[in-house]
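First up is the structure itself, then whatever we jot down about it.
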Amino acid sequence: MYGGITFCPFIVGSFDILFQFALVTLQPILDPTVPADDKPIWTSRVEPFQLPPLVRLVLADVAGGSSTPAMVRKVNDWRSKNPDDAKKLWSDIDASNKNLVKALRSLSILYKENTNAYERAVQNLSLLPPSRWETADALEVTRPAVQAFDRAHRASEATRTLMRGMGESAGVDIEPAPQTELLNRSIAQAGVIGGGVPGAQEHSRGALTACRAGLERIQAT
Ligand SMILES: *[C@@H]1O[C@H](CO)[C@@H](O)[C@H](O)[C@H]1NC(C)=O
Ligand SMILES: *[C@@H]1O[C@H](CO)[C@@H](O)[C@H](O)[C@H]1NC(C)=O
Numbered sequence: 131m132y133g134g135i136t137f138c139p140f141i142v143g144s145f146d147i148l149f150q151f152a153l154v155t156l157q158p159i160l161d162p163t164v165p166a167d168d169k170p171i172w173t174s175r176v177e178p179f180q181l182p183p184l185v186r187l188v189l190a191d192v193a194g195g196s197s198t199p200a201m202v203r204k205v206n207d208w209r210s211k212n213p214d215d216a217k218k219l220w221s222d223i224d225a226s227n228k229n230l231v232k233a234l235r236s237l238s239i240l241y242k243e244n245t246n247a248y249e250r251a252v253q254n255l256s257l258l259p260p261s262r263w264e265t266a267d268a269l270e271v272t273r274p275a276v277q278a279f280d281r282a283h284r285a286s287e288a289t290r291t292l293m294r295g296m297g298e299s300a301g302v303d304i305e306p307a308p309q310t311e312l313l314n315r316s317i318a319q320a321g322v323i324g325g326g327v328p329g330a331q332e333h334s335r336g337a338l339t340a341c342r343a344g345l346e347r348i349q350a351t
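If you use the working numbering, the sequence shown corresponds to residues 131 to 351, in order.
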């Protein structure tokens with residue numbers, strides 16, 4: 131272990147000034163009570179998002195992930211030297227990420243529309259590795275959920291392949307070989323939707339999304 135973190139309790143009252151914001155006039159652009167429509171320079175949108183029901187996200191800590199800051203530097207170097215390739219890759223990754231979000235959103239909707247059919251789809255898929263979801267036997271009523279889970283799996287794998295491609299082009303281990311092997315083996319398990327190396331911290335960890343029943347089995351083995 132290298133270094134440590136000391137947590138100190140806040141001094142009582144140290145935030146009082148922040149809670150007095152009602153007493154000072156905020157610039158409208160910062161004021162949370164001003165509707166977003168009245169802030170035309172904000173082009174970002176906030177859309178609610180959640181994992182679909184009966185889906186869990188698990189994080190795995192690994193020894194020897196890749197160092198994110200150094201990696202980002204090298205990727206940016208490559209990007210500035212290969213703007214056309216980079217532009218295409220970025221837009222492919224964006225499209226693939228959006229496909230994943232779309233598939234997950236449609237799963238949440240399908241759950242609301244027919245909870246029983248959704249639960250039965252999850253029950254069946256949690257017994258099958260995702261490579262077999264596309265051709266899985268499914269009742270007519272469960273098919274939309276089965277197909278949406280399959281789309282989520284494909285999009286997740288497509289993003290992973292593109293990110294690995296980025297790593298190869300830029301000469302960095304975005305998904306280090308031991309993690310590729312670990313992820314491949316994890317994603318070959320029944321009930322696992324997909325996985326990746328999120329890399330949001332100094333050292334990247336692995337993450338998996340899986341149907342709950344699939345996960346319970348993975349944890350038991
Ligand atoms: C679950 O899978 C079995 C065997 O593949 C299939 O016969 C059945 O129709 C599936 N159930 C649902 C609810 O789709
Ligand atoms: C991992 O899976 C991907 C996609 O199926 C494949 O292209 C790659 O060769 C696999 N790598 C290893 C080390 O198993």
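Even for Gly, the Cβ is constructed at its ideal location relative to N, Cα and C.
So, helix, strand or coil for residue i, using DSSP?
i    : result
A190 : strand
G295 : helix
I159 : coil
V185 : strand
V276 : helix
I304 : coil
I317 : helix
A330 : Bear in mind that a pLDDT of 45 at A330, under 50, signals an unreliable position, so the number given afterwards is only what the model happens to contain. Note: A330 maps to coil in three-state DSSP.
For residue i, which of the options has the nearest alpha-carbon?
i    : options                : result
E86  : S286, P183, F145, M201 : With the chain covering only 131 through 351, there is no way to say anything about residue 86.
R186 : V252, W263, A166       : V252
V271 : Y241, S299, I159, F179 : Y241
R262 : I317, M201, M293       : I317
Go ahead and label residue i buried or exposed: buried means 16 or more other beta carbons lie within 10 angstroms of its beta carbon, across all protein chains shown.
i    : result
R290 : buried
V327 : buried
Q180 : exposed
P308 : exposed
S226 : buried
D365 : There is simply no residue 365 to check, as the chain begins at 131 and stops at 351 in what is shown.
R284 : buried
A200 : exposed
S210 : exposed
P162 : exposed
V202 : exposed
Between residue i and residue j, what straight-line distance do the alpha-carbon atoms span, to the nearest angstrom?
i    : j    : result
N229 : V164 : 32 Å
F145 : P158 : 22 Å
E249 : S221 : 34 Å
A278 : I141 : 50 Å
A268 : V276 : 7 Å
E287 : D167 : 36 Å
N246 : E177 : 27 Å
N254 : L237 : 15 Å
L258 : D303 : 30 Å
Pick out the complete beta strand (DSSP E) segments inside the segment 199-254, 3 residues or longer, and give them in chain order. none
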